[in-house]
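In the working numbering, the protein residues as written are 897 to 1314.
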């Protein structure tokens, strides 16, 4: 990346505005990610399988991402859809503290909010893919993803710690207010952006046929198909463990909400380091090799958590160490992979590609969470985390022999004909 390109992004008011929206929203998300399972565990006495179902509900809407992305491809103004998605999530989250104050909070409401907010998130994500390439030039994809991923990693550092303190001071349902307000801020910032909408896809094909074409494009694409296999494997096994991680930290390690949040926050510094290092590591070793290394190291983070024992500080340190390793590795996996996918995807297919990709990649997460919940009840929570760590290593098999692992630079990559 040239110095000129790097300087232009720092001076680009539109990118800074969008970046601020994403940053604040990410901080709010970290609070909700901690608060939702804690509401289930501490206020509603949820079982391991019920916590697994709650995690599954968050990701369930991704199963229909392909169809949402196909619809989004025919909408010219993606920015408006992103604003609608943000405001919808804000309203949904506001219902949690209201229900808590009225004394009518239930697991059913948590499931419903998780599904509906997740659907709005899919709408935002599929629109974002096409919006991003209108906001940022091709030669700045890697840098822009690095900056966005870096602040996302910072949110994982500070968000859980702040969230843990808010949960302890205000209760979990009230702490969710912070995330609701963050979505309002994001909507306002995105509404200020003046980005020329791209041409929406002109097609006389039936809706389902266009969806089928989008899925076929991904499955036959030499880069997207292999990256989809690797990411899906990582996500399936990761969610088996993540569905129970907070429950494990709370009940088996005996850590308070504040300590859990602090451990997650400290460990998430690995994500910031990974986001900063991903681009230079990709230039030194090649983007493909960095992606493969990230796929191998990422599952190992869960193994550190299993080493937790002794006094509180040692248990918290093991939790933080596991988070650090996983967060560093996932940035080395995500940053170059996301940039590579943006470089090799045809413009008129972007929303459908994200939709098709998410339908499988994120759609597998509910299954992983449900499997994790059942395994936690059947063989034990600790043993389930071990399955999560070991199974995730299989992801790298998708990259061996693929054009991804042979890719050194993104410059010059063009969407292949499939």
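Glycine included, each C-beta is placed from N, C-alpha and C at the ideal position.
Status (buried if at least 16 other CB within 10 Å, exposed otherwise) for residue i
i            : result
residue 898  : Note on residue 898: pLDDT 39, under 50, position unreliable in the model; the coordinate value appears next. It is exposed - the Cβ of residue 898 has fewer than 16 other Cβ atoms within 10 Å.
residue 929  : buried
residue 1304 : exposed
residue 1117 : buried
residue 1210 : exposed
residue 1048 : buried
residue 1160 : buried
residue 1293 : exposed
residue 974  : buried
residue 957  : buried
residue 900  : Residue placement at residue 900 cannot be trusted, given a pLDDT of 40 that sits under 50; what the coordinates show is reported in the next sentence. Counting Cβ neighbours within 10 Å, residue 900 comes out exposed, since fewer than 16 surround it.
residue 1232 : buried
residue 1207 : exposed
residue 1163 : buried
residue 881  : Limits of the chain in this structure are 897 at one end and 1314 at the other, which puts residue 881 out of reach.
residue 1274 : exposed
residue 1000 : exposed
residue 1181 : exposed
residue 1106 : buried
residue 1150 : exposed
residue 966  : buried
residue 919  : buried
residue 1002 : exposed
residue 1190 : buried
Candidates the options, of which the one nearest residue i by Cα
i            : options                   : result
residue 1178 : 1169, 950, 973 and 1038   : 1038
residue 997  : 1299, 1085, 1175 and 1073 : 1073
residue 1012 : 1031, 985, 1126 and 999   : 985
residue 1284 : 1243, 1194 and 955        : 1194
residue 968  : 1246, 1287 and 1261       : 1246
residue 987  : 1081, 1205, 1238 and 1133 : 1081
residue 1053 : 1216, 1235 and 1272       : 1216
residue 1089 : 1111, 1030 and 1106       : 1030
residue 924  : 1141, 1059, 1138 and 1201 : 1059
residue 960  : 917, 949 and 1110         : 1110
residue 1276 : 962, 1137 and 966         : 1137
residue 888  : 1240, 983 and 1196        : Because the chain is modelled from 897 through 1314, residue 888 falls outside the range shown and cannot be assessed.
residue 1112 : 962, 954 and 907          : 962
residue 1158 : 922, 1016, 1181 and 1064  : 1064
residue 1020 : 1033, 1218, 921 and 907   : 921
residue 964  : 1014, 1212 and 954        : 1014
residue 1069 : 1051, 1204, 1200 and 995  : 995
residue 1291 : 1188, 1242, 1302 and 1218 : 1188
residue 1172 : 1050, 1153 and 1242       : 1050
residue 955  : 913, 1016 and 907         : 1016
residue 1087 : 1153, 1298, 1033 and 980  : 980
residue 907  : 1032, 1198 and 1028       : 1032
6 Å Cβ shell around residue i - same chain, five flanking residues per side excluded
i            : result
residue 1170 : 1224, 1227 and 1228
residue 989  : 1072, 1075 and 1076
residue 1287 : 1133
residue 952  : 1262, 1265 and 1266
residue 1238 : 1037
residue 1166 : 1220, 1223 and 1224
residue 982  : 1079, 1082 and 1083
residue 1135 : 1261, 1264 and 1265
Own chain, CB closer than 7 Å to residue i, minus 5 neighbours either side, in chain order
i            : result
residue 1114 : 1120, 1121, 1124, 1249, 1252 and 1253
residue 1041 : 1231, 1234 and 1235
residue 916  : 1085
residue 1062 : 927, 1071 and 1074
residue 1018 : 957, 958, 961, 964 and 1254
residue 1314 : Confidence at residue 1314 is low in this model, with a pLDDT of 49, below 50, so its placement is unreliable and the value that follows should be read with caution. Correct list, in chain order: 1113, 1116 and 1117.
residue 1044 : 915 and 918
Distance between beta carbons of residue j and residue i, contact taken as under 8 Å
i            : j            : result
residue 1184 : residue 1296 : At roughly 11 Å, the Cβ-Cβ gap does not stay under 8 Å, so residue 1184 and residue 1296 are not in contact.
residue 1143 : residue 944  : 6 Å
residue 1046 : residue 932  : Not quite, the Cβ-Cβ distance comes to about 25 Å (not below 8 Å), so this is no contact.
residue 978  : residue 1023 : 5 Å
residue 1218 : residue 1240 : Not confirmed; about 33 Å, so no contact.
residue 1174 : residue 1186 : 7 Å
residue 950  : residue 1007 : 6 Å
Any C-beta of chain B under 8 Å from that of residue i
i           : result
residue 968 : In summary, chain B is missing from the structure at hand, where a single protein chain is found.
Beta-carbon proximity list for residue i, same chain, < 8 Å, skipping 5 on both sides
i            : result
residue 991  : 1005 and 1009
residue 1140 : 944, 947, 948, 1268, 1269, 1272, 1277, 1280 and 1281
residue 1131 : 1257, 1258, 1260, 1261 and 1264
residue 1205 : 1211 and 1214
residue 902  : Residue placement at residue 902 is poorly supported in this model, since its pLDDT is 44, which falls under 50; the coordinates still yield a value, given next. Hits under 8 Å: 1039.
Near the ligand ZN: residue i beta-carbon under 7 Å from a heavy atom
i            : result
residue 1230 : As presented, the structure is devoid of all ligands, the ligand ZN included, so that no description of it is given.
Using 8 Å as the threshold, is the segment 1100 to 1107 in touch with the segment 935 to 949, meaning 3 or more CB pairs across them?
-> no
The segment 1257 to 1273 / the segment 1127 to 1147 touching (three or more Cβ pairs under 8 Å) = yes
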